[in-house]
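The opening residue of the sequence shown carries number 8 in my numbering; numbering runs sequentially from there.
Ideal Cβ placement from N, Cα and C applies to all residues, glycine included.
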Amino acid sequence: MSTLDAKTRGRTAPGRLRALDAFLCRFEPTLLSRVDGPWARAVFVDVGFGEHPWTTLESAEAFRALHPELVVIGVELDDARALAAQSHAGPRTHFRQGGFALPLSPEEPARLVRAMNLLRQGPVERVAEVHHALSRFLLPSGLLVEGSSDPEGSVLTAHLLRRSDSAPDAPPVREALLFHTDFRQGFAPLLFRDWLPRDLRRRVRPGEPMHAFFMSWVDTWKQARDAGHSAPADAFRESVSRLCRQVDGVSSDSWLLDSGYLLWRPPTGVAS
């Protein structure tokens with residue numbers, strides 16, 4: 008474990024995941040708001056909220072703009088942290104001690120499970136197992152978000168994994184990768200490499216799909232800069248616009264590009 012990880016583990020800063028909240032509100036409004044059948048009881052679960060439950064509370068506020076009655080459950084392995092968070096609990100906001108075997112009742116199916124910054128130091132061989140374990144709590148078509156961000160939330164990457172409608176007992180579908188930066192650290196594509204999800208961080212090497220993806224993005228970034236797009240946000244937008252024409256599945260949505268997001272949905276899913 009690096010010194011930085013040792014100092015910041017569990018010390019999530021306010022605002023760290025707000026960009027992820029904004030993305031979900033814009034692109035998953037039905038997931039967050041539907042109330043038909045079992046979805047009327049479906050909850051959002053924030054796994055590993057850390058020393059303070061800022062991310063859980065901020066997400067509750069953002070998601071309840073779409074679904075005012077949404078039940079939100081923050082889960083933390085550390086007993087003391089789970090207990091301290093109770094001061095922030097309310098009628099629809101709960102904090103519980105637990106791990107990947109989520110402390111949910113049968114009457115609390117999940118619509119969205121978020122597990123950010125939890126797997127960075129664990130064995131890479133366990134990632135698929137954890138994804139499968141967490142996805143079992145989701146309703147079919149529910150979403151698991153797992154990935155990493157820097158301590159302030161300036162750089163973020165995440166898997167978007169969907170529980171299958173047709174085969175709900177199967178591992179979740181590795182639907183997409185999401186990248187985001189607010190440009191506080193400037194911009195270059197390889198800025199994201201150290202914040203890739205745990206199972207992809209060592210896959211940026213020749214012969215691997217992640218390496219090919221990043222090399223294509225580096226190439227379009229250089230083209231953008233050569234064309235005069237030197238400001239970080241401009242270089243990002245232009246590089247991704249060019250990348251859309253080279254790599255299948257890269258979204259050209261203007262809101263994403265203007266807001267510092269790259270969404271990549273490979274036609275055959277994100278390679279494991």
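Worksheet item: Out of curiosity, what's the CA-to-CA distance linking glycine 55 and glycine 106?
Response: Their Cα atoms are separated by approximately 8 Å.
inquiry  = Helix, strand or coil, according to DSSP, for glycine 44 in the structure here?
reply    = Residue state, collapsed to three classes: helix.
Original post:
Can you list, in chain order, the stretches of the alpha helix (DSSP H) that have 4 or more residues and sit fully within the segment 98-176?
Top reply: Within the segment 98-176, the complete alpha helix (DSSP H) runs of at least 4 residues are 134-142.
task: May I ask you to verify whether the segment 164-181 touches the segment 89-105, counting CB pairs closer than 8 Å and requiring at least 3?
output: No contact exists between the segment 164-181 and the segment 89-105.
| request: Thinking leucine 270 and leucine 151 are a contact (beta carbons under 8 Å), I'd like their distance in whole angstroms, please. | output: Beta-carbon to beta-carbon, leucine 270 and leucine 151 are separated by about 16 Å, too far to satisfy the 8 Å threshold.
**Request:** Could you check how far apart the C-beta atoms of alanine 135 and serine 279 are, in whole angstroms? I think they sit under 8 Å.
**Result:** With a Cβ gap of about 7 Å, alanine 135 and serine 279 count as contacting.
Review point. In or out: alanine 87 buried (at least 16 other Cβ within 10 Å) or exposed?
Key: With fewer than 16 other Cβ atoms from the protein chains shown falling within 10 Å of its own Cβ, alanine 87 counts as exposed.
Assuming glycine 267 and alanine 240 are in contact, meaning their beta carbons sit under 8 Å apart, how far apart are those beta carbons, in whole angstroms? Between alanine 240 and glycine 267 the Cβ distance is about 7 Å, and since that is below 8 Å, they are a contact.
- Message: Using only CA atoms, which one of Ala29, Pro60, Arg48 and Thr275 lies nearest to arginine 118?
- Response: Closest by alpha carbon: Arg48.
When you compare each of Met222, Glu65, Arg25 and Leu77 to threonine 37 by their alpha carbons, which one comes out closest?
-> Residue Leu77 holds the alpha-carbon nearest to the alpha-carbon of threonine 37 among Met222, Glu65, Arg25 and Leu77.
**OP:** Pull up the distance between the alpha-carbon of valine 247 and that of alanine 195, whole angstroms please.
**Re:** Looking at the two C-alpha atoms, the distance is approximately 11 Å.
| task | Please list, in chain order, all residues of the same chain as threonine 62 whose beta carbon is under 7 Å from its beta carbon, the five residues on each side excluded. | result | The answer, listed in chain order, is Thr19, Arg23, Leu24, Asp53 and Phe56.
Would you list the residues sitting across from arginine 181 in a DSSP beta bridge?
-> DSSP lists Leu168 as partners of arginine 181.
On the CB-based measure, 16 or more other CB atoms within 10 Å of its CB, does phenylalanine 202 come out buried or exposed?
Per the sequence shown, the amino acid found at residue 202 is tryptophan instead of phenylalanine. With at least 16 other beta carbons inside 10 angstroms of its own, tryptophan 202 counts as buried.
Please report the distance separating the alpha-carbon of alanine 140 from that of alanine 89.
If you draw a straight line from the Cα of alanine 140 to the Cα of alanine 89, it comes to about 21 Å.
Between serine 258 and threonine 164, what straight-line distance do the alpha-carbon atoms span, to the nearest angstrom? Taking the straight line from one Cα to the other gives about 15 Å.
Report all residues from its chain with a CB closer than 7 Å to the CB of arginine 205; omit the five preceding and five following residues, and keep chain order.
-> When the five nearest sequence neighbours on each side are left out, the beta carbons in the same chain lying within less than 7 Å of the beta carbon of arginine 205 are those of Leu126, Arg127, Gly129, Val131 and Val134, in order along the chain.
Taking the straight line between their C-alpha atoms, what separation do you get for alanine 72 and valine 162?
Approximately 25 Å between the Cα atoms of the pair.
Practice problem: Pick helix, strand or coil for valine 254, following the three-state DSSP scheme. | Solution: It is coil, neither helix nor strand.
task = Quickly, what does DSSP pair histidine 187 with across the bridge? List them, please.
result = As DSSP reads the structure, histidine 187 sits in a beta bridge with Leu163 and Tyr268.
> arginine 191: which of Ser223, Pro158, Phe220 and Arg252 sits nearest, CA to CA?
Replying inline: Of the listed residues, the one whose Cα sits closest to arginine 191 is Pro158.
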